[in-house]
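If you count by the UniProt record's numbering, then the sequence shown holds residues 1 to 534, one letter each, in order.
Ideal Cβ positions, reconstructed from N, Cα and C, are used throughout, including at glycine.
Treat the numbers as computed from the prediction; the structure is a model and nothing was measured.
Following: one structure in structure tokens, then a few remarks.
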Amino acid sequence: MELEELEGQEPVSPNGQYFSSNVISLSVLAIWEFEIPFDPESQTISLLIKNVFLPVSPRFSSIMVENNGKKEWKRVEVKLEDHVYTPTFPSGLSLESYDKYFDDYISKLLTERFPQGKPLWEIHIITYPTSNAATNVIFKLHHALGDGYSLMGALISSMQRADNPSLPLTFPSRKRPESKRENFVTKTFSGFCNTISDLWSGTLKTMNGDVLTPIRSGNDAIEFRPATVSTMTFSLDQIKSIKDKLGVTVNDVLTGMIFFGTRLYMQEMNQSSSKADCTAMVLLNTRIMGDYMPIEEMIKPNSKAPWGNRFTFMHVPIPKLTELSNALDFIWNTRKIIKRKRNSFAAYFNSRLLELVHKFGSHEACGKYIHRTLKNSSMLISNLIGPVEQMSLANHPIKGFYFVVGGGPLANTFLSSKSAAGTPEWMAPEVLRDEPSNEKSDVYSFGVILWELATLQQPWGNLNPAQVVAAVGFKNKRLEIPRDLNPQVASIIEACWANEPWKRPSFASIMESLMPLIKAPATQPSRPGVPLLS
């Protein structure tokens with residue numbers, strides 16, 4: 001399949017660079033379950049790729065290259081044989097046996113990185129029947145190509161309505177429940193307080209992480225270990241019934257159900273873990289839109305829901321099972337937590353912080369920050385809206401569709417071990433001396449993280465933990481700040497490392513100092529910035 005050469009090369013977006021760093025490489029698996037067998041030898045897949053898939057975005061026919069330290073998309077020839085796979089399993093087995101082969105194949109795809117030198121997508125056609133489908137088709141797509149909203153939009157654009165292919169697929173309207181009007185001053189003040197609180201708690205979670213529980217092992221290199229994918233189906237009518245009864249959204253109900261089920265599992269595996277502080281990272285779409293936007297609208301210039309990686313995240317504490325045993329009360333409490341989180345600008349500052357790290361550091365530093373944030377959380381929650389009608393591909397009805405993210409350091413793996421309360425390299429002197437600590441101790445740790453992002457070095461890499469305790473806790477030693485570091489950033493780090501905790505700045509003051517260093521988001525995917533190290 002020949003492609004004309006483009007003038008110039010499209011720069012890789014900042015988020016695309018973060019997700020394709022040496023530290024983290026995220027991909028999305030989208031699994032389509034077909035009701036009837038799908039013939040891999042037919043022209044359906046090749047026509048789908050040529051006429052629908054590739055025209056959506058030039059990124060699908062490009063490879064990622066580095067030019068003068070910047071990553072760019074370079075158009076190449078697409079060879080279908082390098083992207084479409086039909087694995088061979090033993091013949092004549094039971095559905096249960098093919099389920100096992102299918103699960104193992106999914107696990108392999110989740111742990112493998114894309115090879116270099118070809119566009120970052122693959123299609124795997126599993127022709128053997130499983131308990132859920134006659135044929136499974138798996139799309140593996142690198143997250144650098146776009147976020148879930150973009151990628152799923154591209155895939156859904158190739159589908160038709162099963163009942164009437166001439167009619168377009170429709171999507172449910174995003175309606176929010178009516179809420180009482182709040183006083184502007186009250187809402188603004190509470191939003192400011194929530195923002196400071198969320199930034200503090202989010203920084204703590206990024207630094208120290210959740211305790212070890214049945215859903216968080218804390219192991220290193222989790223993303224390269226075998227994975228298990230489990231799916232559950234709920235009645236939409238029952239979900240709507242709960243939604244109407246509580247006056248919440250469908251997402252509130254689903255999130256509450258996930259949290260409730262997770263706590264029940266944790267209690268079953270380890271009774272004490274039901275009281276553990278656990279955090280979920282919830283991904284948020286940052287596009288300004290009310291309803292789902294079809295792919296034709298997404299790729300238009302100045303679209304309100306443009307293609308790309310446009311999302312942020314917020315830390316949401318998982319309610320404890322000991323507090324609420326009734327499922328409906330648990331869902332309602334989840335709703336209150338999420339509503340409070342929405343009245344906060346912490347998610348906005350999370351995006352700006354990544355921009356700051358990228359501007360003054362590198363995409364590798366951002367990848368490292370994202371990796372640590374993911375690893376130190378217990379759960380990642382994301383969702384996508386599907387069409388109202390049943391879908392089909394070339395008159396092959398689709399019975400089910402789901403997606404999963406691979407390459408991230410998150411796992412629901414049980415490990416019987418002690419909780420991790422922190423590591424000496426990032427801990428404040430008073431904490432190392434086992435003295436009383438407060439927010440100012442966390443400010444010190446934030447300074448270490450800022451130093452780490454600036455230098456891309458392991459703090460105190462030449463010392464063992466005991467030596468770090470002696471040096472920092474009792475000899476007042478500090479990490480060496482490079483002379484060519486941005487003076488404003490160096491000043492912030494030095495202030496965070498003051499010997500007396502009361503002399504260290506507050507997080508609010510730190511944010512005030514950092515904000516002038518962050519420019520407003522540019523319209524182009526990448527932009528020049530002043531390096532952190534001059």
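Am I right that residue i and residue j are in contact with their C-beta atoms under 8 Å? What's the rounded C-beta distance?
| i | j | result |
| --- | --- | --- |
| S513 | I492 | 5 Å |
| T213 | A276 | 5 Å |
| L80 | I49 | 6 Å |
| Y402 | T231 | 6 Å |
| K71 | V12 | 4 Å |
| K368 | V23 | 5 Å |
| F139 | L155 | 6 Å |
| V388 | F171 | 7 Å |
| S377 | D210 | 6 Å |
| K339 | V316 | Their Cβ separation, rounded to whole angstroms, is 11 Å, which puts K339 and V316 out of contact at 8 Å. |
| V468 | P424 | 4 Å |
| S61 | V78 | 5 Å |
| I196 | G117 | Going by Cβ atoms, the distance from I196 to G117 rounds to 47 Å, so no, they are not a contact pair. |
| L321 | S274 | 4 Å |
| L354 | G148 | Their Cβ separation, rounded to whole angstroms, is 18 Å, which puts L354 and G148 out of contact at 8 Å. |
Using a Cβ-Cβ cutoff of less than 6 Å, which residues in the same chain neighbour residue i once the five nearest sequence positions on both sides are dropped?
| i | result |
| --- | --- |
| G407 | S25, L26, S27, E223 |
| R216 | D210, S378 |
| P14 | H358 |
| I106 | V229 |
| residue 542 | What is shown of the chain runs 1 to 534, which leaves residue 542 out entirely. |
| R113 | S25 |
| N132 | E33 |
Residues in its own chain within less than 7 Å of residue i by CB, not counting five upstream and five downstream?
| i | result |
| --- | --- |
| residue 545 | Outside the displayed span of the chain (1 to 534) sits residue 545, for which this structure offers no information. |
| I295 | V56, G153, A154, S157 |
| L332 | At residue 332 the sequence reads Trp, which differs from the Leu that was named. These residues qualify, in order along the chain: L246. |
| T86 | P40, I125, T127 |
| E7 | Caution applies to E7, whose pLDDT of 44 falls short of 50 and renders its modelled position unreliable; the value that the coordinates give is listed next. No residues qualify anywhere along the chain. |
| R504 | K440, V443, Y444, A495, C496, A498 |
Go ahead and label residue i buried or exposed: buried means 16 or more other beta carbons lie within 10 angstroms of its beta carbon, across all protein chains shown.
| i | result |
| --- | --- |
| A411 | Note that A411 scores a pLDDT of 48, beneath 50, so its modelled location is shaky; the value from the coordinates is reported in the next line. That one is buried. |
| V431 | buried |
| Q17 | buried |
| D244 | exposed |
| K418 | With a pLDDT of only 28 at K418, under the threshold of 50, the placement of this residue in the model should not be trusted; the figure read from the coordinates follows. Burial call: exposed. |
| K173 | Per the sequence presented here, residue 173 reads as Ser, with Lys not at that position. With fewer than 16 Cβ atoms within 10 Å of its Cβ, S173 is classed as exposed. |
| L236 | exposed |
| F474 | exposed |
| S416 | Residue placement at S416 cannot be trusted, given a pLDDT of 25 that sits under 50; the coordinates are not used to answer. |
| W502 | exposed |
| S20 | buried |
| M515 | exposed |
| D82 | exposed |
| S150 | buried |
| R433 | exposed |
| N68 | exposed |
| G92 | exposed |
| L167 | exposed |
| K300 | exposed |
| D104 | exposed |
| A421 | The predicted position of A421 is uncertain, since its pLDDT is 38 and thus under 50; a value taken from the coordinates is nonetheless stated next. Per the 10 Å Cβ criterion, exposed. |
According to DSSP, which residues form a beta bridge with residue i?
| i | result |
| --- | --- |
| N285 | F311 |
| R75 | S62 |
| V404 | L29 |
| E355 | According to DSSP, which records beta bridges pairwise, E355 is partnered with nothing at all. |
| V84 | I123 |
| K70 | N67 |
| E10 | W73 |
| F34 | T135, I398 |
| P317 | T279 |
| S46 | Its beta-bridge partners do not exist; DSSP assigns none. |
| S20 | S25 |
Can you find the residues in the same chain that come closer than 8 Å, C-beta to C-beta, to residue i, ignoring five residues on each side of it along the sequence?
| i | result |
| --- | --- |
| I398 | W32, E33, F34, E35, M159, A162, Q390, M391, S392 |
| W200 | E439, D442, F507 |
| V250 | I239, K240, K243 |
| P58 | L6, E10, W73, R75 |
| residue 542 | Residue numbering for the chain in the displayed model covers 1 to 534; residue 542 lies beyond these limits and cannot be assessed. |
With respect to 7 Å, is the separation between the Cβ of residue i and the closest non-hydrogen atom of the ligand ADP below this value?
| i | result |
| --- | --- |
| I481 | No copy of the ligand ADP occurs in the structure displayed, which carries no ligand at all. |
Mind checking if residue i is an interface residue toward chain C, Cβ cutoff 8 Å exclusive?
| i | result |
| --- | --- |
| D329 | Absence of chain C from the displayed structure is noted, only one protein chain being present. |
Which full runs of the beta strand (DSSP E) of 3+ residues lie inside the segment 105-163, going along the chain? Counting whole runs of 3 or more residues, the segment 105-163 contains the beta strand (DSSP E) stretches 121-126, 135-142.
Can you list the alpha helix (DSSP H) stretches of 4 or more residues lying completely in the segment 438-515, in chain order? 439-455, 465-468, 487-496, 507-514, all fully within the segment 438-515.
Give, in chain order, every unbroken run of the beta strand (DSSP E) that is at least 3 residues long and sits entirely within the segment 203-238. Along the length of the segment 203-238, whole beta strand (DSSP E) runs at least 3 residues long do not occur.
Unbroken alpha helix (DSSP H) runs of length 4 or more, entirely within the segment 350-397: which are they? 363-375, all fully within the segment 350-397.
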